[in-house]
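Engineer: Have a look at this one.
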Amino acid sequence: MLDITKRKKNEEELEKTLKMQKMLTAVINNSPAVIFLWRNEKYWPAVSVSDNVIQFGYTVDDFISQTIQYGKIIHPDDLEKVEEDLERSIQKGEVSFNSEYRIFTKAGDMLWVNERTFIQREGDGKVSCFQGIVLDITPQKKLKKP
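Per our numbering, the very first residue in the sequence shown carries number 5; after that it's consecutive.
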């Protein structure tokens, strides 16, 4: 006779974890926050992006296939400041980065966004990637205009 109690318990735990993952994915994709995982390379190529990136007119595949790189949708007048501020945060050893800047949608419209990013480091302190949340703050910016 074979005792499969442990295996059954592991299967139940896995099933619970998968259900939770599915629920969290649904929450993210139905929220205004677009989630990115970027490589620490020029223009921050995306490793992963949430499906709700469609609110900016792009598809997940646009970023994952590298057809679009995130840094290239940042307004040219803002890109250098974003790069410098991020580099400053990295050099200071900070774990997060927060910035407001403009991006272009796939249709060419300009949006203001707030990016909140967690700087991921390897054991030796070297930056491996960035986990970011990007929120459209265009309506708030329009309200602030005199």
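Every residue, glycine too, gets a C-beta built ideally from N, C-alpha and C. Only a predicted model underlies this, so the values are computations on that prediction, with no experimental measurement involved.
For Val99, count the other beta carbons within 10 Å of its own beta carbon; 16 or more makes it buried, fewer makes it exposed. Which is it?
Structural biologist: For this step, residue 99 is matched to residue 95 along the sequence shown. The residue in question, Val99, is exposed, as its Cβ has fewer than 16 Cβ neighbours within 10 Å.
Engineer: Using three-state DSSP, classify Tyr74 as helix, strand or coil.
Structural biologist: The sequence position of residue 74 within the sequence shown is 70, counting from 1. Reduced to three states, the DSSP call for Tyr74 is helix.
Engineer: Kindly give me the distance between the Cβ atoms of Tyr62 and Ile72, rounded to whole angstroms, as I take these residues to be in contact under 8 angstroms.
Structural biologist: Counted from its first residue, the sequence shown places residue 62 at position 58. Counted from its first residue, the sequence shown places residue 72 at position 68. Between Ile72 and Tyr62 the Cβ distance is about 6 angstroms, and since that is below 8 angstroms, they are a contact.
Engineer: Enumerate in chain order the residues of its own chain whose CB-to-CB distance from Arg106 is below 8 angstroms, with the five nearest sequence positions on each side excluded.
Structural biologist: Within the sequence shown, residue 106 is the residue found at index 102, counting from 1. The answer, listed in chain order, is Ile78, His79, Asp81, Asp82, Met114, Leu115, Trp116 and Val117.
Engineer: How long is the line joining the alpha carbons of Lys76 and Glu16, rounded to whole angstroms?
Structural biologist: Your numbering for residue 76 matches position 72 in the sequence shown. Your numbering for residue 16 matches position 12 in the sequence shown. Lys76 and Glu16: Cα-Cα distance of roughly 44 angstroms.
Engineer: Assign Gly127 to one of two classes, buried (16 or more other C-beta atoms within 10 Å of its C-beta) or exposed (fewer than that).
Structural biologist: To locate residue 127, count along the sequence shown from 1; it is residue 123. Flag for Gly127 reads exposed.
Engineer: Going by DSSP, what residue range makes up the beta strand (DSSP E) through Leu90?
Structural biologist: As a position in the sequence shown, residue 90 is number 86, starting the count at 1. Per DSSP, Leu90 belongs to no beta strand (DSSP E); it is in the alpha helix (DSSP H), Pro80 to Gln95.
Engineer: When burial is assigned at 16 or more other CB atoms within 10 Å of the CB, is Leu90 buried or exposed?
Structural biologist: Position 86 of the sequence shown, counted from the first residue, corresponds to residue 90. When all chains shown are included, Leu90 counts as buried.
Engineer: In or out: Ile123 buried (at least 16 other Cβ within 10 Å) or exposed?
Structural biologist: Translated into the one-based positions of the sequence shown, residue 123 becomes position 119. It is buried - the Cβ of Ile123 has at least 16 other Cβ atoms within 10 Å.
Engineer: Starting from Ala50, follow its DSSP beta bridges and name the residues at the other end.
Structural biologist: Along the sequence shown, one-based indexing puts residue 50 at 46. In DSSP, Ala50 forms a bridge with Trp42.
Engineer: Could you tell me which of Val138, Gly112 and Arg125 sits nearest to Ile39, measuring between CA atoms?
Structural biologist: Within the sequence shown, the letter at position 35 stands for residue 39. If we check each option's Cα against that of Ile39, Val138 comes out closest.
Engineer: What is the residue span of the alpha helix (DSSP H) that Phe67 lies within?
Structural biologist: Taking the first residue of the sequence shown as position 1, residue 67 is located at position 63. Looking at the DSSP string, the run of the alpha helix (DSSP H) that includes Phe67 is Val64 to Ile68.
Engineer: Asp65: buried (16+ other C-beta within 10 angstroms of its C-beta) or exposed?
Structural biologist: Against the sequence shown, residue 65 aligns to sequence position 61. Result: exposed.
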